Amino acid sequence: RKEVEQDPGPFNVPEGATVAFNCTYSNSASQSFFWYRQDCRKEPKLLMSVYSSGNEDGRFTAQLNRASQYISLLIRDSKLSDSATYLCVVTLNQAGTALIFGKGTTLSVSS
Amino acid sequence: EAQVTQNPRYLITVTGKKLTVTCSQNMNHEYMSWYRQDPGLGLRQIYYSMNVEVTDKGDVPEGYKVSRKEKRNFPLILESPSPNQTSLYFCASSPDTGYYGYTFGSGTRLTVV
Chain A
3 RKEVEQDPGP FNVPEGATVA FNCTYSNSAS QSFFWYRQDC RKEPKLLMSV
53 YSSGNEDGRF TAQLNRASQY ISLLIRDSKL SDSATYLCVV TLNQAGTALI
103 FGKGTTLSVS S
Chain B
4 EAQVTQNPRY LITVTGKKLT VTCSQNMNHE YMSWYRQDPG LGLRQIYYSM
54 NVEVTDKGDV PEGYKVSRKE KRNFPLILES PSPNQTSLYF CASSPDTGYY
104 GYTFGSGTRL TVV
């Protein structure tokens with residue numbers, strides 16, 4: 003069964019903390035990888051794509067390990083506004099039409 | 004502004020009464036898709052479309068229909084809604100490769116009583 007697994011959390015961290023989320027996927031044929039952010043009752047929004055070489059966008063760093071079928075997201079210097087649910091997403095085909103979502107990891111950043 | 008627009012945002016209906024949730028995107032995207040989100044189950048794909056007149060089933064297509072007569076529109080049709088279709092629905096679109104990820108609409112919260 004195609005699956006994407008995430009630790010649901012919640013992760014409760016103080017402002018300024020560094021937090022890491024992990025995600026594993028079961029289908030070795032997976033093509034593309036993403037992290038989305040979803041605020042309560044709102045639509046998911048693309049946070050970043052995840053590349054094999056790893057990529058960074060400001061305070062956010064994503065890593066992909068194809069051999070271990072593992073994706074990670076690191077958030078440095080957490081802000082209150084980072085509080086949300088983070089969804090790990092994998093596509094199973096080149097066209098990206100078969101999108102598999104993890105159930106999400108909830109982050110709560112407190113002052 | 005580039006966006007995916009869904010309507011209505013909220014809908015309460017009765018079992019068996021046909022309804023349509025509209026979805027429109029202004030980004031000239033090839034791919035469009037419908038998802039439902041339920042507590043504990045996450046987001047699951049209902050149908051997707053790779054282009055005009057090309058649609059295919061996702062993971063949970065039972066009880067739903069779609070059409071893609073124009074590139075920008077991808078309505079979701081519930082011919083005979085049932086209470087187990089009470090959910091939060093999202094429409095999404097993407098350029099011609101999954102590399103870029105999807106842009107989601109704001110969601111439609113549907114309650115079937």
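Chains as they are written, first to last, in my numbering: chain A, 3 to 113; chain B, 4 to 116.
Ideal Cβ positions, reconstructed from N, Cα and C, are used throughout, including at glycine.
Predicted, not measured: the structure shown is a model, and the values here were computed from it.
Reference residue 59 of chain A, options A/45, A/37, A/43, closest by Cα: Position 57 of the first sequence, counted from the first residue, corresponds to residue 59 of chain A. Considering only alpha carbons, the answer is A/37.
Segments assigned beta strand (DSSP E), at least 3 residues, entirely inside the stretch 22 to 94 of chain A: 34 to 40, 47 to 51, 57 to 59, 62 to 67, 72 to 77, 86 to 93
Can you grab the Cα-Cα spacing for the pair residue 76 of chain A / residue 83 of chain A, in whole Å? Sequence index remark: in the first sequence, residue 76 of chain A carries index 74 (1-based). Sequence index remark: in the first sequence, residue 83 of chain A carries index 81 (1-based). Each residue's Cα considered, the two are about 15 Å apart.
At a CB-CB cut-off below 9 Å, which residues of chain B make contact with residue 48 of chain A? Residue mapping note: residue 48 of chain A aligns to position 46 of the first sequence, counting from 1. Those within 9 Å of residue 48 of chain A in chain B are 103, 104, 105, 106, 107.
Could you round the C-beta distance between residue 45 of chain B and residue 11 of chain A to whole angstroms and report it? I think they count as a contact, below 8 Å. Taking the first residue of the second sequence as 1, we reach residue 45 of chain B at position 42. Taking the first residue of the first sequence as 1, we reach residue 11 of chain A at position 9. That pair is no contact at about 14 Å.
Residue 35 of chain B and residue 71 of chain B - do their beta-carbons sit closer together than 8 Å? The sequence position of residue 71 of chain B within the second sequence is 68, counting from 1. The sequence position of residue 35 of chain B within the second sequence is 32, counting from 1. Yes, these two residues count as a Cβ contact at 8 Å.
Select from B/4, B/91, B/88, B/61 the residue whose C-alpha is nearest the C-alpha of residue 50 of chain B. Position 47 of the second sequence, counted from the first residue, corresponds to residue 50 of chain B. Checked all of B/4, B/91, B/88, B/61; the closest Cα to residue 50 of chain B is B/61.
Would DSSP call residue 86 of chain B helix, strand or coil? The residue given as residue 86 of chain B occupies position 83 in the second sequence. Reduced to three states, the DSSP call for residue 86 of chain B is helix.
Would you please verify whether the beta carbon of residue 45 of chain A is less than 8 Å from any beta carbon of chain B? Walking along the first sequence from the start, residue 45 of chain A turns up at place 43. Taking Cβ atoms only, chain B reaches closer than 8 Å to residue 45 of chain A, which makes this a yes.
Considering only C-alpha positions, which residue in the set B/47, B/5, B/15 is nearest to residue 63 of chain B? Translated into positions along the second sequence, residue 63 of chain B becomes position 60. Cα-wise, what sits closest to residue 63 of chain B is B/47.
Closest residue to residue 17 of chain B among B/25, B/93, B/106, B/84 (Cα-Cα distance): Translated into positions along the second sequence, residue 17 of chain B becomes position 14. Out of B/25, B/93, B/106, B/84, B/84 has the C-alpha closest to the C-alpha of residue 17 of chain B.
From the DSSP secondary-structure annotation, give me the bridge partner or partners of residue 13 of chain B. Looking up residue 13 of chain B in the second sequence gives position 10. Answer is B/112.
Just to make sure I have the definition right: I need the residues of chain A whose C-beta is within less than 9 Å of the C-beta of residue 93 of chain B. Which are they? Residue mapping note: residue 93 of chain B aligns to position 90 of the second sequence, counting from 1. Under the 9 Å cutoff, chain A gives 45, 46.
Could you tell me the alpha carbon to alpha carbon distance between residue 1 of chain A and residue 110 of chain A, rounded to whole angstroms? Given that chain A is displayed from residue 3 to residue 113, the structure contains no residue 1 of chain A and the question cannot be resolved.
So what does DSSP say about residue 103 of chain B, is it helix, strand or coil? By one-based count along the second sequence, residue 103 of chain B stands at place 100. The answer is helix: DSSP assigns residue 103 of chain B an H, G or I state.
Give me the chain B residues within the contact set of residue 106 of chain A, using Cβ-Cβ distance strictly less than 7 Å, ordered along the chain. One-based indexing of the first sequence puts residue 106 of chain A at position 104. The answer, in chain order, is 45.
Any C-beta of chain B sitting closer than 8 Å to the C-beta of residue 103 of chain A? Against the first sequence, residue 103 of chain A aligns to sequence position 101. It does; some Cβ of chain B falls within 8 Å.
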